[in-house]
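Numbering (my numbering), first residue to last: 1383 to 1734.
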Ligand SMILES: Cc1ncc(COP(=O)(O)O)c(C=O)c1O
C-alpha cells in the first residue's frame, strides 16, 4: 500500500499468472503452452524481420495480419481486431463492450482474469454457477444482464459447449453483447466464427498462444461485425497505437499461413490428451472430458494441493487453484508424450 497510489489501485485484485521458473529439466505443464514450440516458418519470418526496419514504428493497423485472418474466415479485414495477446484484446473488450448498467454474466468457474478486468474497469458482474458436472447450462443465462462472456471450451474445465447452444445463447440476448473466448477451440471445440455474419451482438476472441505455439510473441485477435470492432479500435487508439511490434506481426502472419504445421501439431496434442486421460483414470483420477490442451482432474483420495506440491518436488509443474469447488482439481497442460509419461510415472510413485 502506498499513499502515492491512485484510489483505484487499492481496490484491484491482480491476476496471478502461472509460474515461469527457469529450472533445468523441468516438466512444465502449468500454463497451457504448446510443447512443440512454433512453426519453423514463423521463426524464420521473425528472424528475417529483425533488421534495420526495427527503428521504424510498426503498422498501427496491423493490416496484413488482419487480412490473413479475415481471408481464412471469409470476413472483411475491418471485422478483425488484433492485440498484444488475447488478454489485451479481452481487456479492451471489457472496457469497450461489457460495461453496462446491468451486470456482466460469466461462469463461477472460469478464466480468473474476468473478475480482475471487472474490478479494473468498474464493471458489475454476476457469476453463474456451473452445474454439478462442471458444465455450463445455457438456460441459466436466461436472466437480465448487461452482457455475457463465456470461454468455449471453458477454462479450467476444458469442457466444450456445442455450437447450437452457443447460438441459442446469442439469439436469446439480441440486445446484449455475447463474447465467446475461444483460446482453446482448436483442440476440439466448434468455433462460433461462422455465426458472425448472422449476429451483430457476437464477438469471438482467439489467441496464437496455444495451438500456434506463440505464447511468447503475444498475439491475439477478435472478430465481429464492424460496430463491435470499431469500439475496440477506439479503445486501443486511446491506449497504445502499436500493440503488436514488427516481429510479432511478421511471426503471426507466417504462423497463420503455415496450416500444415498447425494441423499436424494440434493433432499430436489431441492424441496425447486422450492417452493421458486414460492413464490418469487408471490411477484413480476423475478427469473431465477435455476439448482443450489441458486436463482438469482430481484424485478420488488425495487433495489437489498435496499432489501439486509433491509433483513440484519432482520438478513437474501443474496448476492448482485454491478456489472453492475446484480446490481438489489439478489443471494439467498436455505436454509431449514423453512429458506426459514422466507425469504418470511421478503420480505412480506419489500415490503408492
Ligand atoms: C480462457 C483464456 N482466455 C484467454 C487467455 C489469454 O491468452 P493470451 O493472452 O496468451 O492470448 C487464456 C490464457 O491462458 C485463457 O485461458
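Heads up, the beta-carbon is just placed ideally off N, CA and C, and yes, glycines get one too.
Keep in mind it's a predicted model, so treat the numbers as computed, not measured.
Sequence-distant residues of its chain with Cβ nearer than 6 Å to residue i (five each side left out)
i	result
residue 1424	1633, 1636 and 1637
residue 1547	1520
residue 1617	1474, 1477 and 1478
residue 1574	1548, 1562 and 1586
residue 1610	1585
residue 1499	1473 and 1476
residue 1674	1535, 1540, 1566 and 1569
residue 1692	1732
Residue i versus the options, residue with shortest Cα-Cα distance
i	options	result
residue 1605	1500, 1708, 1668 and 1459	1459
residue 1493	1441, 1562, 1506 and 1421	1562
residue 1667	1614, 1733 and 1430	1733
residue 1422	1707, 1595, 1534 and 1615	1595
residue 1474	1658, 1453 and 1503	1503
residue 1468	1539, 1491, 1592 and 1659	1592
residue 1676	1617, 1601, 1565 and 1728	1565
residue 1537	1451, 1512 and 1631	1512
residue 1705	1398, 1615, 1569 and 1420	1398
residue 1631	1407, 1642, 1450 and 1661	1450
residue 1543	1687, 1580, 1572 and 1560	1572
residue 1728	1694, 1702, 1642 and 1709	1694
residue 1722	1699, 1574 and 1553	1699
residue 1608	1496, 1388, 1579 and 1712	1579
residue 1717	1389, 1408 and 1401	1408
residue 1452	1646, 1644, 1588 and 1506	1588
residue 1505	1692, 1655, 1644 and 1480	1480
residue 1495	1707, 1442 and 1400	1400
residue 1643	1726, 1483, 1482 and 1419	1419
residue 1724	1410, 1684, 1683 and 1403	1410
residue 1482	1560, 1692 and 1403	1560
residue 1645	1612, 1570 and 1389	1570
Cβ shell of residue i (< 8 Å), same chain only, five flanking positions each side left out
i	result
residue 1730	1665
residue 1405	1697
residue 1553	1581
residue 1430	1632
residue 1647	1416, 1418, 1593 and 1595
Status (buried if at least 16 other CB within 10 Å, exposed otherwise) for residue i
i	result
residue 1621	exposed
residue 1516	buried
residue 1384	exposed
residue 1395	exposed
residue 1640	buried
residue 1672	buried
residue 1444	buried
residue 1432	exposed
residue 1391	exposed
residue 1393	exposed
residue 1660	exposed
residue 1649	exposed
residue 1514	exposed
residue 1387	exposed
residue 1417	buried
residue 1535	buried
residue 1415	buried
residue 1427	buried
residue 1461	buried
residue 1568	buried
Nonlocal neighbours in the same chain, by C-beta distance under 7 Å from residue i, ignoring five residues either side
i	result
residue 1523	1487, 1510, 1530 and 1551
residue 1555	1530 and 1583
residue 1439	1624
residue 1549	1577
residue 1558	1527, 1528, 1529, 1530 and 1583
residue 1686	1680, 1702, 1709, 1710, 1711 and 1712
residue 1442	1623 and 1624
residue 1403	none
Proximity below 8 Å, CB of residue i to CB of residue j
i	j	result
residue 1477	residue 1715	no
residue 1464	residue 1448	yes
residue 1485	residue 1501	no
residue 1540	residue 1678	yes
residue 1436	residue 1628	yes
residue 1368	residue 1598	Nothing about residue 1368 can be read from this structure; the chain reaches only from 1383 to 1734.
residue 1662	residue 1669	yes
residue 1702	residue 1690	yes
residue 1626	residue 1466	yes
residue 1489	residue 1532	yes
residue 1657	residue 1619	no
residue 1491	residue 1707	yes
Proximity test, Cβ basis, 8 Å: residue i and chain C
i	result
residue 1692	Of the protein chains in the structure, only one exists, and it is not chain C.
| query | Who sits around ligand 1, taking every residue whose Cβ is closer than 5 Å to one of its heavy atoms? | reply | If you measure from each CB to the nearest heavy atom of ligand 1, the residues under 5 Å come out as 1467, 1468, 1469, 1493, 1533, 1537, 1563, 1565, 1589, 1591 and 1602.
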